[in-house]
Structures are given as C-alpha cells and as structure tokens.
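For reference, the structure discussed in these notes is given below.
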Amino acid sequence: MLVDEIDIKISAGHGGPGKLISVRSFRSAPKLGGDGGRGGDVYVVATSDLSALNKLTGIRKIKAEDGNPGGTNDSTGKSGQDIDILLPVGTSVVDTETKKIVELNTPEQRILLCKGGLGGRGGNFRAQPGLPGQTIQARLILKLIAKYGLIGLPNAGKSSLLNELTNANAQTGAYPFTTLEPNLGVVNGQIIADIPGLIEGASNGRGLGTKFLKHIEKVNLLFHCIASDSTDVVGDYQIISTELDRYGAGLTSKSRVIVLTKTDLVTPEIIKSHTTALKKFGYPIASVSIYDKNLISSFLRFLQ
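So, in structure tokens, the structure goes:
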C-alpha cells in the first residue's frame, strides 16, 4: 500500500532549565549556575524511497530531544539531539493552522521545520526555565514525482500495461476500480505511475477522484489509455479530458499520447476506425497489446 497522506504532530525539543546555585556574596562570587541546553531541532529530509511515508503510519507525534539542565561551575547543559524525518520526494508538509507549506522536491533536500527552544539562563540568585520548542500540527501530502503517468477510465488496461513494461505486479482484473491506489514502476530509470481509474465527476471528488488526480500534477507525459473494445472511444476520451480540465493545475496542457489498449480483442479494421476518430484531438496515437511484443517495443520509444 502506498500511503500518500498523514496527519501528525511535530515538536522540537524544549530548552533545558538554567541551574540555580545560591551564594552568600553576589559581588565576590563568579557565576556558578550554568545555562540550560537548547532543545533539538526537527528537519524534514527528502528521500527517493517512495515508501518512506508508510513508515509513519500509526505514529501521531514526533518530538526532538529536550535540552539538559545547566550544570555547576557555569557549565551549559547538553543540547537536545536534532532529528531528521525522512519523507519521499514530492511530499508537501502543510501546517494545518497557518497553512504554511514546505515542499520537498529533490533528493537529500533538508529543511528546518521546527526550531528547538532556547535553554534558560543559570545564575547564583535566580535561574530561568527553558523555552518550549516550535510545534506544528502537520499534514504530510505526497504527490508522486513520476515522469510518466497512465490515465484512463476503470478497466482501460493501465495496470496490465504497467506490469508488462515494468513487472510492477499491479493487481489486474475485469472489474472497475481494480486499482485503488497509484501503482509505480520504473522504465529506463524513470518512474511511471498507473493512476487509479478515473470516472466522470472525478474532479469533484467522485470515486476519490481528487485524491488520484493530484498525483499527476508533476508528471511530464500522460498516456491516456482507452480500451480498444470500447463501443465509444471518443466518449471515453472526452470524459477523462473534461475531468482534467475541470481539475485544473495545468493538467490539460501536459504532453499526451493516446494509447489504444487491448488491441488483441478487436480486428485491425476496428483499430483503424478508432484511430481515425481520435485523430481530431491532435495527440499522437499508439496501439498496444500486452500479448504483442512488437507493439510493446514500439510503444517503448515514447519512454526514451
């Protein structure tokens, strides 16, 4: 399962308290009570491991280490240890209160999220408590950074095509919504994502549409899959194209290839008729069957 959204409380460490050491003479005695150590900071770090968000499932709170109290002889307490939270490239960290967003777009990118609190000052007559570290209620949202995306109505053959191209082992079958989350594969070192079957009304959330559509916002090239055994390939195309347009986020301006899948189920004459009907949309058109190695090899030229 690919977890793509988590709510979690993230806190930096509390500053340690200063040390109070009483002395009889303020004028003659040096400062003996040490300052408290600072609280640990919290960083978010981008990783190419797309399953990193899964490891946070069930965790409701992450907190850095508190600073240690100040010591005697004006010794400063040890600072709390900083922590790194590993998140997949493509994750947005949203402060649910301020709506401030931190974006992780490149591997090994490291951003300070919560600053640890300062340690309290120590002294001979009085000492200060440490300050609390920053805390946010965060929503971690993963938007896949895949170079290629497979889109289309349920049962359009996307998962089967992904399996053939990448051996991703996506669940397949003759049922709508067989795929309930994005499936990923790698072709020529680039990620290709099978976006779960979209339906009419997806841009308004029907069928979890907006949950799925967000994953293609950063895709470079869309493969719009249409089943060759459909009785209305133009209508199938228009349903998905309309939802992309309504969703916005620049989806309709992305490069696109129309892919007629399952060509083994129909005659060459039907494929020719479908191709003619779809040409008016102005995109390149490819025909594929997972049982035809020549067609698969020809299709791979789009993934160079």
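Just remember that the working numbering sits 652 ahead of the position in the sequence shown, which is counted from 1. Cβ atoms here follow ideal geometry from the backbone N, Cα and C, with glycine treated the same way.
Best match in the options for proximity to residue i [C-alpha to C-alpha]
| i | options | result |
| --- | --- | --- |
| T915 | P936, Y935, I942, T928 | I942 |
| L708 | I673, D659, P669, T928 | D659 |
| S703 | V746, T904, L738 | L738 |
| S882 | I788, I868, T919, R898 | T919 |
| A808 | Y889, L756, S744 | Y889 |
| K713 | L792, D726, K752 | L792 |
| G688 | I711, K730, K945 | K730 |
| I843 | L874, P759, F951, Y800 | Y800 |
| E760 | F777, D736, K751, R778 | D736 |
| S949 | N776, L705, G722, E816 | E816 |
| F777 | L684, L903, S905, T894 | L684 |
| P721 | G775, N757, N706, I878 | G775 |
Same chain, Cβ closer than 6 Å to residue i, five either side skipped, listed in chain order
| i | result |
| --- | --- |
| G857 | Because G857 sits at a pLDDT of 49, beneath the cut-off of 50, its placement in the model cannot be relied upon, and the following sentence gives the value as read from the coordinates. The answer is none, since no qualifying residue turns up. |
| A820 | For A820, the predicted model reports a pLDDT of 44, less than 50, meaning its position is unreliable; a value from the coordinates is still stated below. Correct list, in chain order: L814, N835, G837. |
| I763 | V696, V754 |
| D656 | L794 |
| P936 | V909 |
| Y827 | Because the pLDDT at Y827 is just 36, under 50, the model does not fix this residue reliably, and the value given afterwards should be weighed accordingly. Once the five neighbours on either side are set aside, Y827 has no close Cβ partner at all. |
| Q780 | G670, G772, R773 |
| S744 | I753, E755, I793 |
| F954 | V909 |
| L903 | L896 |
| K932 | none |
Same chain only: Cβ atoms within 7 Å of residue i, ignoring 5 sequence neighbours per side
| i | result |
| --- | --- |
| I892 | I803, G804, L805, L850, H876 |
| D718 | G665, H666, G668, G691, G732 |
| T818 | G837, V838, V839, I844 |
| P784 | H666, G769 |
Residue range of the unbroken beta strand (DSSP E) whose run includes residue i
| i | result |
| --- | --- |
| R762 | 762 to 766 |
| E816 | Note, E816: premise wrong, no beta strand (DSSP E); alpha helix (DSSP H) at 810 to 818. |
| K713 | 713 to 715 |
| R791 | 787 to 794 |
| I699 | For clarity, residue 699 is Thr in the given sequence; the question names Ile instead. T699 -> beta strand (DSSP E) spans 694 to 699. |
| K661 | 657 to 663 |
One or two residues paired with residue i in a DSSP bridge
| i | result |
| --- | --- |
| F875 | L802, V909 |
| N835 | D846 |
| I891 | In the DSSP output, where bridge partners are listed per residue, I891 has none listed. |
| Y935 | Partner(s): none; Y935 has no beta bridge. |
| P740 | T699 |
| V746 | I753, R791 |
| G710 | Beta-bridge pairing links G710 to no other residue. |
| I735 | V694 |
Beta-carbon proximity of residue i to residue j, cut-off 9 Å
| i | j | result |
| --- | --- | --- |
| R773 | G670 | yes |
| P740 | D701 | yes |
| Q956 | N872 | no |
| Q786 | G771 | no |
| L912 | A938 | yes |
| T646 | G782 | With the chain covering 653 to 956 only, the question about residue 646 has no answer from this structure. |
| T748 | I673 | no |
| I662 | A790 | yes |
| C766 | A698 | no |
| T750 | I711 | no |
| I868 | K906 | yes |
CB contact check: residue i to chain D, cutoff 9 Å
| i | result |
| --- | --- |
| V746 | Protein chain content of the structure displayed is limited to a single chain, and chain D is not contained in it. |
Start-to-end residues for the alpha helix (DSSP H) that takes in residue i
| i | result |
| --- | --- |
| A929 | 920 to 930 |
| S949 | 945 to 951 |
Own chain, CB closer than 8 Å to residue i, minus 5 neighbours either side, in chain order
| i | result |
| --- | --- |
| V886 | A929, L930 |
| E880 | Correcting the residue identity first, residue 880 is Ser in this sequence and not Glu. Excluding positions up to five away in sequence, the list reads L912, T913, K914, T915, L917, V918, I922, I923, H926, S939. |
| D944 | T915, D916 |
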